[in-house]
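Each step along the sequence shown adds one to the number in UniProt numbering, with nothing skipped, and position 298 is 298.
By construction, the Cβ of each residue, glycine as well, lies at the ideal position given by its N, Cα and C atoms.
Values in this document were obtained by computation on a predicted structure and should not be read as measured data.
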Amino acid sequence: MTTLPLTLFQIGGHILSSDAMSRIPVSLVHTIKGLSPLFTVLAYRFYFNIRYAPTTYLSLIPLTFGVIMACSANFSGKGNFIGLISAFGSALLFVTQNIVSKKLFNEAEQAEQDNQPMKRRKPDKLNLLCYSAGLAFIFTAPIWFFSEGIGILGDFLYDASIDLNVKPGSLDHGPLVLEYIFNGTFHFGQNLVAFVLLSMVSPVTYSVASLIKRVFVIVFAIIWFGKPVTHVQAVGFALTFLGLYLYDRTRDNKADHKAKMLHAKQESLLPVSLEKMNDKSSNGSPMAQSSYANGFVNGFTKDDKKNDDII
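Pasting the structure below:
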């Protein structure tokens, strides 16, 4: 049950993101996702009541507008309202996933520091990623089967073959398998790096760092396809790096640390169950272990107390 919310956030975010990309330009989708630092800061401000310094909020302004200008330079303005809603929903789901993931990482780290039994601990980042990937495969397999699998199975049962290169630009069996392996390997590696990074920093810092990925995608696409850089994109790149520099110099370390440790599980001063009390007494000194023997302090019995009174 621990990994179930993360799996649902991951699946919902990718489904909404794919739907948005099919309706509106990809640049606009990345523009909306570039607002994730603002969504994260607002979530911590209004939901968790964590106040950042005004300079932190101001540093996010050039950062966000820089990403918007870099991504939306070729946006023609012919958008789709449903696509916009899907893009915003995807961004909100991924922000929520980051916050919940940070909560689980903090609880796992706190349980390890407290030497709690393994059955009480939350999964660490690697196990959490493994379980989430497995559940995501189980949940998305029926979606794929009803959307594409039935048609492929029907073709196979009809003539004992599957034609994949009917449409122009489609890939045949061998290249398609290589594309699956290539995409799956890099996607899993990206998630692995993301989970490790999220366990080290706050969700706000992680959201800011994820903007670098979007800028890198744009720059790599410009170099790969030989597309010239527009003036709007150049200004956007400059504002993005300016915003990153300002965020690094004006970051509120106290609020950032509070956001990192917000969900850390604090152990109570007094035991809340007999099992915890026994765990504490068993780890103590020999005198403490015998303190409550027979219901008397330090193991004295009723007869020992009487003999002491006679003396």
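Through-space distance from residue j to residue i, alpha-carbon basis
{"i": "L211", "j": "F81", "result": "24 Å"}
{"i": "L128", "j": "E179", "result": "26 Å"}
{"i": "I223", "j": "F48", "result": "42 Å"}
{"i": "V201", "j": "P62", "result": "22 Å"}
{"i": "V177", "j": "A136", "result": "20 Å"}
{"i": "W144", "j": "I85", "result": "23 Å"}
{"i": "S27", "j": "S207", "result": "18 Å"}
{"i": "A70", "j": "P228", "result": "13 Å"}
{"i": "S17", "j": "A87", "result": "6 Å"}
{"i": "G34", "j": "P175", "result": "32 Å"}
{"i": "F146", "j": "T7", "result": "20 Å"}
{"i": "A133", "j": "F182", "result": "17 Å"}
{"i": "I152", "j": "T185", "result": "24 Å"}
{"i": "A20", "j": "I150", "result": "24 Å"}
{"i": "H231", "j": "I32", "result": "21 Å"}
{"i": "E148", "j": "L157", "result": "15 Å"}
{"i": "T64", "j": "T240", "result": "7 Å"}
{"i": "A209", "j": "P142", "result": "34 Å"}
Boundaries of the alpha helix (DSSP H) in which residue i is found, first to last residue
{"i": "I15", "result": "4-23"}
{"i": "P228", "result": "Here P228 belongs to no alpha helix (DSSP H), and DSSP marks it neither H nor E."}
{"i": "Y44", "result": "36-46"}
{"i": "S27", "result": "26-33"}
Within 8 Å, strictly: CB atoms of residue i and residue j
{"i": "A53", "j": "T250", "result": "yes"}
{"i": "F237", "j": "G66", "result": "yes"}
{"i": "V100", "j": "S36", "result": "no"}
{"i": "L104", "j": "G12", "result": "no"}
{"i": "G83", "j": "R45", "result": "no"}
{"i": "N98", "j": "L198", "result": "yes"}
{"i": "T56", "j": "P203", "result": "no"}
{"i": "residue 324", "j": "L60", "result": "The structure shown has nothing for residue 324, since the chain only spans 1 to 311."}
With 16 other Cβ atoms within 10 Å as the buried cut-off, status of residue i
{"i": "F216", "result": "exposed"}
{"i": "K213", "result": "exposed"}
{"i": "H30", "result": "buried"}
{"i": "I138", "result": "exposed"}
{"i": "L244", "result": "buried"}
{"i": "F9", "result": "buried"}
{"i": "V196", "result": "exposed"}
{"i": "T205", "result": "buried"}
{"i": "L126", "result": "exposed"}
{"i": "Q190", "result": "exposed"}
{"i": "A234", "result": "exposed"}
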